[in-house]
Structures are given as C-alpha cells and as structure tokens.
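Undergrad: Line by line, the protein sequences give chains A and B. Quick note on numbering: the first sequence equals residues 4 to 582 in the working numbering. Quick note on numbering: the second sequence equals residues 24 to 329 in the working numbering. One structure, pasted below without further comment.
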Amino acid sequence: MAAKRSEGVGRGRAQPWQRMSSTAAATPPRLAPLASLGSLVDPPLKGEGFAGRGAPLVRGQEEARTQPMTPRLELRNISKRYPGVLANDDISLAIMPGEIHAVLGENGAGKSTLMKIIYGAAQADSGEIYCDGKLIQDHNPAVSRALGVEMVYQHFALFESVTVAENIALCLRGPFDRRALSSRIVELSQRYGMPIDPARKVHELSVGERQRVEIVRCLLQNPKLLILDEPTSVLTPQAVSKLFETLRQLAAEGCSILYISHKLDEVQQLCDSATVLRNGRVTGTAKPKETTSLELARMMVGSNLPHMNVTPSNLSDGPVLEVRDLSAESRSHHGVNLRDVSFEVFGGEIVGIAGVSGNGQAELISLLSGERTHKRVEAIRIGGKDAGRLHANARRRLGMTFVPEERLGRGAVPSHTLWENALLTGNRAGLVRSGFVDRGRAVAFAKNIIERFGVKANGPEAAAQSLSGGNLQKYIVGREIVLAPKLLLVSQPTWGVDVGAAAFIRQTLVDLSRAGAAVLVVSEELDELFEICDRLLVICQGRVSPPLMRAETNREEVGLLMTRLGTATSEKSGLALQD
Amino acid sequence: MDLFVAIFTGTVIAATPLIFAALGELVVEKSGVLNLGIEGMMLVGAAFAFWAVVAGLPMPLAILAGALAGAAASLLFGVLALTFLTNQYAAGLALAIFGSGVSAFLGRNFGSEPIDGLKPLAIPLLSDIPVLGPLLFRYDPLVYLAILSFVAIAWFLSRTKGGLILRTIGESPEIAHAIGYPVVKIRYWAVLFGGLMAGLGGAYLSVAYTPLWVENMTAGKGWIALALVVFATWRAYRVLLGAWLFGGMTILQLQGQALGLAVPSELLSALPYLATIVVLVIISQNRQMLAEHFPASLAKPFRPTV
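The structure is reproduced here in structure tokens:
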C-alpha cells in the first residue's frame, strides 16, 4: 500500500480525486477526511483523522514510512538585520514533502524577509538553509529554481504590456517556442482548474487571473516547494476556495507548500502546520486545525486582540453624501469605467464599499474626493449642495475630508515634517493667515494630533517618511478627523497597518460616525468592512450594487456580488439581496 | 519621370541618417533609458568619420570609426546615467552639448577640405531594370544597411526572446531583476548600440550625404530622430515611415527652392521639421496604442537591490 502511494506522488498520473479515492479505500482511517476532499469546494480537511499521529505532515506520511524523513526544506537559526531593525532573529523551521506549512504573522513580523531569504532574493546574516538534507551555499534565486523552489510574490511580478505566454517564457531557459509553450500552459492550467489564455496581455487580466499566471508559471517548473506570499489578499472568497483546491491538489502530488499569511481562518482551513512569527522571532508552532483562532492570534499579536465597540447608529434626517447616476470614463489605460453609480451616505453611519481592487474604486474615489470633477453638477451632492463640478478644496469647504489610499505621496509628503504635512489640509483651521504660515499654530496642531491619536513619532518635526505605516496612517486619519468633518472619505484605512493601530483606526472611524459624521470606507478587506460598517455596497466592473445591511448579509453574498455584478445576473441578485 | 526618380531617391538618401539614429534610440528607449544626446553622438560620429577619410583610411574603416566614436560618446552617458544614476535628461543634454563642442574642436584640424564621398553602388543586373533599377538599386551601401538594420531591429524587438527581455526591462526593471536578468548590463549594451547607430548616422552625413565637414552639420537631425521615436509610439515601422516623411519633405522643399517659389527659403527649410512633427503628433493620438508600446520605466534610474 505504501509503495502504491509513493508511486502516486509522481506528478499527473491520474486525476487527483481518482487517486485519492483509491488511496482512501485502501486506508480506512483516512476515509472520512478524504471523502470530504472529493467535493473539494468544502473548505477544511478536518483534523481528527490525523490528530493522534503526531507527525506534522499529512500527505507525505506514507512516503515517510518507507524512507527516513528528510525535510524538503529546513531553516536553522536564520538571522537577518536591516539598519535599525532585526528582521529575523534565530528562526528555525522544517517543511516535509507534501506538507502545507503556514508562516503566520502580522505585517512587519518578518515574514517577507524570511521568504526572500529562503528564495535567495536576500541573504541571511547567519544561519543555514538545507534543501532535501543538503546545505545551500551561495544562495540566490537561480539556485532556488534549480532546486525546485518557486515563489509567487504578493505583488505580482508580471509585465503588463506583454502576453501571458511571453511572461512565462521570460522565466524559462532556452529559446522561446510560442506554440509549444502555449499548449503546455493551457494543458497545465486546465489540469489544476485555473484556466488561462496564453495569448492575452497581462494588463487585460483581473487580479485573480494574474495570480493564476504566476502559479502556472511556477508549476511549469515542476516545483518541489512552492512559496506563496499573502496569495489571497486580492482574491474574492470564491477565488480563494478555488485556489485552496489547487494547492491541496498540488500537495497531494508531493509538492511542499509554504503559505505566508496573516489570516487565521485561511491558515486553519488549509495548512497542516504553522510557524508563528512576531517581531522577527518564532513565537510558536502549531497545527492550525487543532488550535483555536484565539490561541493563534495570541501567538501572533502577543496579547489579547483589541476589542471593537460598535454601538447602534443614529442616522441624520437627510443624506450627507448623495451620488446619482454617476458615470465616468476611466482616465488610465488599465482603469475601469464607472457606470450609473448611485448611493447615499447618511450622517451617523459608516458605509463600506467592498470589491476586488481595480473594479473602479480608484475612479470613484477620485471623483468623490474632487481630484476629478464631473460635468454633471448634481451627480454628486455633499450636505445637500451640488458638488459635481467643485474641486477638492471647495468640497472640503462643504465639510468633507479625505484619507487617500497612498499614505506617502498623496496623504503626506514623505520628506516633509509632520507639522508641514498638517498644513496640507489643516490650512482651513487657522494655520495660514493672510497667506503666511502660522508656524506656532501648525506645530501645536500637529502636536495635538500626535497626542490625541497616540502617534509614535519624534515630535512634530519628524519627517513623515520616518514613521511606520501604522503611525503615519494614524496621523493622517487624525489630521482629517481633527477638522471635524461632516463627511469623511477613507480609502483602505488599514492597509499595511499592524493590528493594534488598525483596531484603533477602526474604532476612531466608528466613534466619528457615532458623533454624527457620515463615513464612507473603501476597502478590500471584507473582515474590516463587516466589523465597522452599517451598510455595504459592492463595486464590480464599475457598477455599484444596491446597499446591503451588514446584519442581513454575509461574506458569501458579498463575494458573489464582487464577481458577478457586471454580468446580466446583476439585477436579479441585487434584488434578491435587497429583500 | 526623372523628377520623380530624383525626388524618390533623394528622399531615401535624406532619410538614411535619421533611420540609423532613430532606430538606435528606439532600442535605447525600449530598454527604459532616455538618451537625449543623439545630436552630440551624431556630430562626433560625423567628425571622426570625416577625419578618418582625411587621414587616408579606407571608406569602410572610416565609417566604422564614426560609428565607434558615437558608441564611445554614448558610453560616457551610460556611465553617468546607469552607473552613477544621474538624471537621464541632464546627462543626455550634457552629451548633446559635449558632442557638439568636441566635434567642432576636431573640425578645426581639417577645415572645409572636400573629400571623395561614399560612392553609390549599382547592383549588377538589378540596377539595369528600367524604372525600378534607378529607383531601388543604385544607392550607396549604407542606404541598404539602414533598411537592413530596420528589418533586423523590428524582428529582434517583436520576435526574439532577446527583444522580449529588452522590452520588459523597459517596462519594469525591478521585475526583470527579480527574475534574474542583468538589467544594468543589458541597458549598457542598448545604450552602446544606440551610440553606434547615431555615430553611423553622423558618419553618413559627413562622408556620403554631403561629403564635407561643416560645424554642427547635423542641423538638428538628432533632435528630429528623438522626436521620431516618441511620435512613432515606439514602433519600428513608424520610425521608418517618419524618417521617410522627413526625407521627402526635405527634398520637396529643395525642389521648391530650385523652382524659385515665392516663399522665403528659411521657411521652406523649416518645412520638413514642421511637417514631420505635425504628422507624427496626429498619428500618435491613439492613447491605447501609446500606452501599449510606451516603455513604462523610461528615464527612471534603476539600481538593483541586493
């Protein structure tokens, strides 16, 4: 039986479910979990079947009985120091063949640095890496690829202007045989349930499709170890379960998977074992399927998770922001046109706009903030006044403030001090008098924000770029809130922000809305929207869904809307959801 | 008929230096580097080629000397822009001014002596075909080389893996570096190739087009080459068409002057520059096309991280 199994580990002999069910029949204890795998869409492989066995690996197990266990990859005491920060401190971990291993940690915990070291894109200061028991010397990405280690980056490493096949060809050795490569791509992508068209240009692809290209590119190399860095951050829930299917199939064929994430539920669904990082150190190892979310979260964050306090909302009589049949062409080559967008935001509530990035959010936010104006003056009304043609500054005079997605470059000038950055939007608060900057007031204004919002910074004279992402975001959100807006637009409020700061920012937004302001949040993080929003809108291909009450909808519905709004079914599903 | 042949052949010949210089710059810009110094490199190439002829070198070697001088000048730019990451606009402008100065300095040695220019080469048999013979087969070798290099560069950019690598480096050097391509090295080669081609274009001016040396004899052709690349939306065939358009207008206005049109000759001389720019601006209005072929990282310095 063991021999049969290890034979099956070879790639592509049979459809995975066929192979799995035959193995399952021969191995009674595994029957239950593998049967559930048959309907691959169901998320978790339950842990019970394996719980008693003690070994961290699941599918490489049979293999292990026939030969001594050599980890596919082993890290010993890896340390890496960057100026001012110890990114990785004495990290050790091991991944078995066919194992799905999570590296779990907050933003800034040192995950990405560790992955770069494993892949050879960065060099460790000390420590050793073994692949199949052999020490890797003179590490670099080429060595990794020769060893069968492939990496899917968080921000995709794809060239937009060329086709899928050309992108993949760039990573392969030898001359470029378009036709042969294209047919290999089609074959492989279909085998793993990720259809892609090799002749399409990358800029035409959705984010999910781009990720498929990345993964197929790795699979073409027959990897022994696949590293995925936050692969789900840009995917809809449906695309995530699809991806997990593929990853399980790969692992079943003997490929080890290193899965980097900060999302607990995903790690619990997918991974056999986990190494948790905090501040560059290993704070624990666990079998996620047997560990509660709370335990994992504690290892990640170090203390109990901050608690959100969301009180019921008390709506204003009329809407503060009204958008009526707003349509606009995108100005960027890869952008999305807005089509008949209509919604309202009342004072006292938080309305969230969910959606996969690149579905018109950038266009919508630039039209709402006044960076772009609209020729129909009544398309956007702020506080009951037509504002379509008003520029950003005029809209701010109506009581609107805005926190953009890019902190450095749009929310703040990186090289300027905090008090100078306060002037950017705080000039209305008496910081500028008859055209001259009142430096004393500006400094006091900045100091007030720093104290009130707990910004860790070296005083108002610190340069914006010297702050961590979380602290700068707190400062920018604080700056906009201190101006006592009637309407606050926020784009990606907690992107790349650590958990503590993110919770603080969310609570701040909730408090602002409960004090009577209208808050519109655009975010790709569904969890965040579900946590703080009263109503949800979903944007997809430039269309915005009818509003969904947070309490009456769920992630699956929203996820469906995130992918389907643009199609003919939109009206139907929209109506169904509204009821 | 004779007039038509004269205009046609004149056009092809007048376009040749532009074809060399602009195709070279196309390759440079496709790799994401903007070298504004074409004018300077052309002048250096023109001066060196002329000097080599005066010094008694055989014609092919003299032309090669011009091309190599252009490449050497571009190396100067390469070191500044690629190794020391200076602003590419500033480095390119400096090269343009430097080249003009150096060539003028060299030119003092040989004044305005006339030389025996590059002779047209009547291709046996083919050149005797009526009409087509004089139209297509009686040019000097560099004209054929220019057409050949157009074919080679167009094929290289669109059909070969090397061209793919070059284009993608121009889009995102960061990604290309992450995949493992030697971005800076490839950009150096592109810059050197651009210099070589500009030098060749300059050499054509001083030893074939008008076989004598005049200070600043390129008369802005380097700048036109630069404009050609941009307005041709970074596509080789449009560079070729643009160069021919410029050549055609040059010849037409010369014919106009010869016929004694009642238009100031200065205005007529300006016509090719004006017409080329206007036409190219009009055909480059398609933003979609522009975005697809524009090297996204053009003129942005890149330093690989370790």
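Glycine is no exception: its CB is placed at the ideal position from the N, C-alpha and C atoms. Computed from a prediction, not measured in an experiment: that's the story for all the values here.
1. Three or more C-beta pairs under 8 Å: does that hold for the segment 50-58 of chain B against the segment 199-219 of chain B?
2. Quick check on Asn170 of chain A: does DSSP put it in helix, strand or coil?
3. With 9 Å as the C-beta to C-beta threshold (strictly closer), list the residues of the segment 161-174 of chain A near chain B in chain order.
4. Going by DSSP, which residues form a beta bridge with Tyr133 of chain A?
5. Which whole-angstrom value describes the C-beta separation of Gly363 of chain A and Leu341 of chain A, a residue pair presumed to lie in contact below a C-beta threshold of 8 Å?
6. So with CB distances below 8 Å, who are the chain B contacts of Ala124 of chain A?
7. Which value, in whole angstroms, describes the spacing of the CA atoms of Ile306 of chain B and Ala255 of chain B?
8. Measure the alpha-carbon distance for Val301 of chain B versus Ala293 of chain B and round it to whole angstroms.
9. Can the beta-carbon of Thr286 of chain A be found less than 7 Å from the beta-carbon of Val106 of chain A?
10. Ordered along the chain, which non-local residues of its own chain (more than five positions away) have a Cβ less than 6 Å from that of Cys134 of chain A?
11. If I measure Cβ to Cβ from Ala298 of chain B and keep anything under 6 Å in the same chain, skipping five residues before and after, which residues do I get?
12. Excluding the 5 residues flanking Pro164 of chain B on each side, which residues of the same chain have their C-beta closer than 7 Å to its C-beta?
13. Could you give the C-beta distance for Gly33 of chain B and Gly224 of chain B, rounded to a whole number, given that I count them as a contact under 8 Å?
14. Helix, strand or coil, according to DSSP, for Met23 of chain A in the structure here?
15. Is it the case that the Cβ atoms of Val344 of chain A and Val547 of chain A are separated by a distance below 7 Å?
16. Check this for me: beta carbons of Lys477 of chain A and Phe448 of chain A, under 7 Å apart or not?
17. For the 8 Å Cβ check, are there 3 or more pairs between the segment 236-255 of chain A and the segment 163-173 of chain A?
18. With a floor of 4 residues, list each alpha helix (DSSP H) that falls wholly inside the segment 44-124 of chain B, ordered by position along the chain.
19. Comparing alpha-carbon positions, which option in A:Ile218, A:His206, A:Leu222 and A:His310 lies nearest Gln311 of chain B?
20. For Phe346 of chain A, list the residues DSSP reports as bridge partners.
21. With a threshold of 7 Å between beta-carbons, can Ala28 of chain A be considered close to chain B, or not?
22. At which residues does the alpha helix (DSSP H) containing Ser24 of chain B begin and terminate?
23. Do we get a CB-CB distance below 7 Å when we pair Lys330 of chain B with the residues of chain A?
24. When the cut-off is 7 Å and only beta carbons count, does Lys53 of chain B lie next to chain A?
25. Here's a check: name, in chain order, each residue in its chain whose Cβ is nearer than 6 Å to the Cβ of Gly391 of chain A, leaving out the five neighbours to either side.
26. So, is Lys137 of chain A buried or exposed, given that buried needs 16 or more other C-beta atoms within 10 angstroms?
27. Are the C-beta of Ala145 of chain A and some C-beta of chain B separated by less than 7 Å?
28. For the 8 Å Cβ check, are there 3 or more pairs between the segment 71-82 of chain B and the segment 189-208 of chain B?
29. Are Val210 of chain A and Val359 of chain A close, meaning C-beta to C-beta below 7 Å?
30. For Gly355 of chain A, which three-state DSSP category applies?
31. Bridge partners of Val524 of chain A, per DSSP?
32. Of all the options B:Ala119, B:Val237, B:Ala242 and B:Ala266, which has the alpha carbon lying nearest to the alpha carbon of Leu251 of chain B?
33. Output, in chain order, the set of chain A residues within a Cβ distance shorter than 7 Å of Thr256 of chain B.
34. Which residues share a DSSP beta bridge with Arg546 of chain A?
35. Around the Cβ of Thr295 of chain A, are there at least 16 other Cβ atoms within 10 angstroms (buried) or fewer (exposed)?
36. Do you know how far the Cα of Ser164 of chain A is from the Cα of Glu352 of chain B?
TA: From the atom records:
1. Because the criterion of three Cβ pairs below 8 Å is met, the segment 50-58 of chain B and the segment 199-219 of chain B touch.
2. Residue state, collapsed to three classes: helix.
3. Listed by position, the residues of the segment 161-174 of chain A near chain B (Cβ gap below 9 Å) are Leu161, Phe162, Glu163, Ser164, Val165, Glu169, Asn170, Ala172, Leu173 and Cys174.
4. Paired residue(s): A:Glu77 and A:Leu138.
5. Between Leu341 of chain A and Gly363 of chain A the Cβ distance is about 5 Å, and since that is below 8 Å, they are a contact.
6. Chain B residues near Ala124 of chain A: Ala201.
7. Cα to Cα, Ile306 of chain B sits roughly 8 Å from Ala255 of chain B.
8. One C-alpha to the other measures close to 12 Å.
9. In this structure, Val106 of chain A does not lie closer than 7 Å to Thr286 of chain A by Cβ.
10. Answer for Cys134 of chain A: Leu76 and Leu150, listed in chain order.
11. Cβ-Cβ distances below 6 Å link Ala298 of chain B to Met272 in the same chain, with the five nearest sequence neighbours on each side left out; the list follows chain order.
12. Only residues of its own chain outside the window of five on either side were considered, and among them Leu144 have a CB closer than 7 Å to the CB of Pro164 of chain B, listed in chain order.
13. Not quite, the Cβ-Cβ distance comes to about 17 Å (not below 8 Å), so this is no contact.
14. Confidence is the limiting factor: at Met23 of chain A the pLDDT is only 38, short of 50, which leaves the residue's position unreliable and the question unanswerable from this model.
15. Contact flag set, yes.
16. Contact: no.
17. Fewer than three beta-carbon pairs drawn from the segment 236-255 of chain A and the segment 163-173 of chain A are found closer than 8 Å, and the two stretches are therefore not classed as touching.
18. Listed in chain order, they are 61-77 and 82-101.
19. When only C-alpha atoms are compared, the closest one is A:His206.
20. DSSP, once it has assigned bridges, lists A:Val326 as partnering Phe346 of chain A.
21. For Ala28 of chain A, the pLDDT reaches just 37, beneath the cut-off of 50, and the residue's location in the model is therefore unreliable, although a value from the coordinates is still provided. Judged by the 7 Å Cβ criterion, Ala28 of chain A is not in contact with chain B.
22. Position check: residue 24 of chain B holds Met in this sequence, whereas Ser was assumed. Where Met24 of chain B is concerned, there is no enclosing alpha helix (DSSP H), given that its DSSP letter is neither H nor E.
23. Missing from the structure shown is residue 330 of chain B; chain B here goes from 24 to 329 and no further.
24. For Lys53 of chain B, the answer is no, since every Cβ of chain A falls outside 7 Å of its Cβ.
25. Excluding five sequence positions before and after Gly391 of chain A, the CB atoms of its chain that fall closer than 6 Å to its own CB belong to His377, Arg379, Val380, Ala382 and Ile383, given in chain order.
26. With fewer than 16 neighbouring CB atoms inside 10 Å of its own CB, Lys137 of chain A falls in the exposed class.
27. Taking Cβ atoms only, chain B reaches closer than 7 Å to Ala145 of chain A, which makes this a yes.
28. Verdict: no, contact absent.
29. Contact check for Val210 of chain A against Val359 of chain A passes: the beta carbons are separated by less than 7 Å.
30. In the structure shown, Gly355 of chain A adopts extended strand secondary structure according to DSSP, grouped into three states.
31. For Val524 of chain A, which the question treats as bridged, DSSP gives the partners A:Gly355 and A:Val493.
32. The residue among B:Ala119, B:Val237, B:Ala242 and B:Ala266 with its C-alpha nearest the C-alpha of Leu251 of chain B is B:Ala266.
33. Chain-ordered listing is empty here: chain A has no CB closer than 7 Å to the CB of Thr256 of chain B, the nearest sitting near 12 Å.
34. In the DSSP assignment, the residues bridged to Arg546 of chain A are A:Cys543.
35. Exposed is the call here.
36. This structure cannot settle anything about residue 352 of chain B, because the visible part of chain B is limited to 24 through 329.
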